[in-house]
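Chains as they are written, first to last, in the numbering used here: chain A, 60 to 335; chain B, 56 to 418. Built from N, CA and C at the ideal position, the CB exists for glycine as well. Beneath this line is the structure, given in C-alpha cells, with notes to follow.
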C-alpha cells in the first residue's frame, strides 16, 4: 500500500483530480436514473416524463392501491423467508465443505456454482416443469421454493470464501482451552464468519426481492410479487405510483444496508482478533 | 465488549427469524389454497382470476364478494405469452382468464379452456353482436368479449397539424419524429392498409412490397417501441406515434390542447380481450357466475368507467360517463369500427413475415 503511494507521489495531485472526476462520473452514471425516479414520484402529472408540479398524491394513491400493497407484502414474505432459509442452509453447506471430506464433496462444490452461472430463464423453465411433474400448485410456496433453490449458492459461496481465510488454529485453541464443539462454533467460528453470513443474507434478500424472471415462471394464485406487478403495469403505462413504491423500497434498502454496515463496523474489533 | 456485540447480532438474527416466521404464517393463511382444501372448496368459496393489469376495478370484485360470499383472488399478467405459459404448466390454479383474440384460438386448439355453459348466463343478450362470432371462436362456444380497443396514431397537432392517414408515417417531413410499435403484425398492418390490402394478407408478393415500403420508412423512424410510446409522445420526443388506444387516450386526456388520437381512414387493427374458463378450473361455477355478473349493465359500466377501455355491452353505454363514451379514442364511431380488422393467425406465412421483420430491424 505505502509502496504504491510512494511511487505515485510525483503526479499524485493530478492523478487524484482525475480519479475524483472519474468517481463522480461513475456515481452520476449509477445514481442519476435513481434520482430522477425519486424526483418524478412527486410529479403531479400522470405521465412519467414531463414535470407538471409537486405532489404527494401518488404516495396517497399507493396506500389505497390494494394490488400494489399485496404485491409488496408478497415480496417481503418471499424475500424474508428465502433469506432466513438460505442463510441457515447455505452457511451449513459452506461449513461442511470447508471442514469435512466426504463422498461427493467435489461434485457438491461444483454444483454450488451452477445456479449462479445458469441463465435465469433456464432455471425458471426447469422449475416450472418440475412443479408440473410434481403436481405442486403454483403459489407463494412454489415462489419461495424457487428462490431458495437459486439463492442458497450465494450464501454458501460468500461464507465459504470467509471460511477459507479463517485460521483453524483459533478453533483448535478454543478446543485446547476446553470448549466443546458447539461452544467453539458459537464463541469463535460464528463471530468470525458472521460478516460473511450477513453479507450473504443481504445479497440473497436483494436478489430475491427484485427477481423477475424465475418468479414470473413459478408464480401462481395470490403470489404476484412487486416486480411482476410493476412489469404487468407496463401495458397501461407506468404511473408515478410505481416511482413512489420504488422510492419507498429504496429507502427500506438504504436503511437495511445502514444497519448491516453498523453491525459490520462492530465486527471491526473481532477481525482485529483474527489478524493478530 | 466483543461478546456483547456478538450477542446483540445473534439477538437481532433471532428477531429477524421470528419476524419472517410470522410473515410466513400470515402469508399462508391468505395465500394459495393448500391441496388439502380441494374437496371443501368445490362447493364454491373461491374464485381465482388471472387478468391483464388495470383491467378490473377493486370495487367490482368487492361487490361480487358481497353478493355471493365468494372470495376472489386476483393476479395480473403482462403478455398473452405469460398467460399461455401458465396454463400450459398444468399446475396454475386459475378459474377465469382474459386472453386476447389470437391467443384465444391457440387456447381452444390446445384444449386449455373449456366450453361455456351459456344456459347459465342470463345477460348474454347485452353483448354487441359486432364483437361476437369472430374467426378465433366461431359461435362463442368458449369465450365472450370483455374489453376491446384499436391501434392508431397518436400525434402532436401543434407540430404536424391534423392527421387522418397512415401516409403521415411515411412522410419525409417527419423524419426522426416517428415512433412505430415494436410488433411485426402491427407494423406490417400499417404498410398493408396503406396499400389497400388486408392486415391478414398472405400473398408473398404483396408482403414483399410491404416489406420494401417499411425498409424505406425505417430511415424516418426514431424508434420501435411497444411499452412506453404514449410517454415518449407526451414528452415531445416524437410527433407521431403508432400505438394502442388505451395509453394514447390517457395521454390525450392529459394534454388535450396538444395531442390527438386517430384511427386512420384506411383502417387500423382492432383487438378484443375475452373472458374464458381454463379447462382445469376448480371453481368453474364461480367463474361462470362472475362472467354473468360482469355482463350486468351497471357492473359493466363501472368497469369501463374505472379502466377507460371500451366494452362490448350495449345497455351499459347509458351508464358510462359521457366523457368516456364521447371520447373517440376509446369508443370510435361505427364507421371506424367497420374499417378495422382483427389480427388473425397466418400459419406458415408468419415465418416469412418474421424474416422480413428481422431484415427491417437489422438493416
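Inclusion of residue 266/B and residue 250/B in the CB contact set at 8 Å is not warranted, their separation being larger than that value.
The DSSP assignment places no complete run of the beta strand (DSSP E) inside the region 168-228 of chain A (cut-off: 3 residues). By the beta-carbon neighbour count (other beta carbons within 10 angstroms, threshold 16), residue 155/B is buried. Here DSSP, grouped into helix, strand and coil, assigns residue 151/A to helix. Per the DSSP secondary-structure output, residue 152/B pairs in a beta bridge with 105/B and 331/B. Contact note: residue 125/A reaches chain B through 113, using a C-beta cutoff of 7 Å and chain order.
Ranked by how close their Cα comes to the Cα of residue 127/B, the residues 254/B, 277/B, 321/B and 100/B have 100/B in first place.
Residue 277/A counts as buried, since no fewer than 16 other beta carbons sit within 10 angstroms of its beta carbon. Residue 250/B carries a coil assignment under DSSP once its states are collapsed to helix, strand and coil.
Judged by DSSP in its simplified three-state form, residue 359/B adopts helix. From the beta-carbon of residue 288/A, the residues of chain B found nearer than 7 Å are 131. For residue 83/A, the uninterrupted alpha helix (DSSP H) segment begins and ends at 71-99. Residue 409/B: member of the alpha helix (DSSP H) spanning 404-417, first to last residue. One thing to note: residue 217/B has its Cβ no nearer than 8 Å to the Cβ of residue 313/B.
Within chain A, 191 have C-beta atoms less than 7 Å from the C-beta of residue 145/B, given in sequence order.
About 14 Å separates the beta carbon of residue 126/A from that of residue 303/A, a gap too long to meet the 8 Å contact definition. The C-beta separation of residue 130/A from residue 284/A comes to about 6 Å, placing the pair in contact by the 8 Å criterion. Straight across, the Cα-Cα distance linking residue 193/B with residue 395/B is about 19 Å. Excluding five sequence positions before and after residue 273/A, the CB atoms of its chain that fall closer than 6 Å to its own CB belong to 179, 182, 183 and 205, given in chain order.
Ranked by how close their Cα comes to the Cα of residue 320/B, the residues 207/B, 403/B, 147/B and 141/B have 207/B in first place. 197, 198, 199, 200, 201 and 203: these are the residues of the region 197-219 of chain A whose beta carbon lies less than 9 Å from some beta carbon of chain B, given in chain order. When the beta-carbon positions are compared, residue 385/B and residue 360/B stay at least 8 Å from each other. For residue 108/B, the closest Cβ of chain A is nearer than 8 Å. Three or more Cβ pairs closer than 8 Å define a contact, and the region 243-259 of chain B falls short of that threshold against the region 348-366 of chain B. Interface residue (Cβ-Cβ distance to chain B less than 8 Å): residue 95/A is not classified as such. One alpha carbon belongs to residue 106/B, the other to residue 280/A, and they sit about 11 Å apart.
Straight through space, the alpha carbons of residue 110/B and residue 150/A are spaced by roughly 44 Å.
Counted as a single uninterrupted DSSP element, the stretch harbouring residue 205/B is not any alpha helix (DSSP H) but the beta strand (DSSP E) occupying residues 199-211. Among the residues of chain A, those whose CB is under 7 Å from the CB of residue 137/B are 275, following chain order. Around the beta-carbon of residue 136/B, fewer than 16 other beta-carbon atoms lie within 10 Å, marking it exposed. At least 8 Å separates the CB of residue 229/B from every CB of chain A. For residue 113/A, the beta-bridge partners assigned by DSSP are 102/A. With respect to residue 209/B, residue 298/B sits close: the two C-beta atoms are nearer than 8 Å.
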